[in-house]
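**Q** My questions all concern the structure below.
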Amino acid sequence: MVMIQHSSNLYAANGAAVVFAEKGHFDVSKDIFTQVQEAASGSVFVQMPDVWINLAHVYFAQGNFALAVKMYQNCLRKFYHNTDSQVLLYLARTYYEAEQWQDCIKTLQRAIHLAPSNYTLRFDAGVAMQKFSASTLQKAKRTADELSILTQN
């Protein structure tokens, strides 16, 4: 209803795109978020970092981690001067899902520096360190197994 009466309402369009994303209509939501992002960037009075974050969430949900990382990083730089621990957490989660453990840990450490009393960040950093250790150990074990097979032949 709001979109019909006020077709230029960027906040309503952002909300509609969120609904589409929640319903699994990622392509529609991506199109709307992109249009809102373009409209907001043309205005010096409207700052809408939520659109950038929501668009990054859609890329994340689609498994397009590289684009999600880029969107989160651009949002951090453009709107938060790289100092928002919540957006850093989103970025770290994306690195985690992409199995980029070292980037995940580094990002969580930046977030911990900004929000030292946030123990969730510390826990997440510990989990990421454990995953990194396990993957490194798995690679080392696989290499050792390959060497033993080669020496047996």
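Residue numbers for the sequence shown follow full-length UniProt numbering, so the first one is 1 and each next one is one higher. Backbone N, C-alpha and C define an ideal beta-carbon position, used for all residues, glycine too.
(1) Expressed to the nearest angstrom, what Euclidean distance is found between the alpha-carbon atoms of Ala98 and Ser148?
(2) Counting beta carbon pairs with one atom in the stretch 39 to 48 and one in the stretch 58 to 75, are three or more of them shorter than 8 Å?
(3) If you follow the alpha helix (DSSP H) that Glu97 is part of, which residue opens it and which one closes it?
(4) Are the beta-carbon atoms of Phe132 and Thr94 separated by less than 7 Å?
(5) Taking 7 Å as the threshold (C-beta atoms), are Thr107 and Leu76 in contact?
(6) From Leu114 to Gly42, what distance separates their C-alpha atoms?
**A** Quick look at the numbers:
(1) Near 31 Å, if we compare the C-alpha coordinates of Ser148 and Ala98.
(2) no
(3) Ser85 to Glu97
(4) Their beta carbons are not under 7 Å apart, which means Phe132 does not touch Thr94 by this criterion.
(5) no
(6) 31 Å
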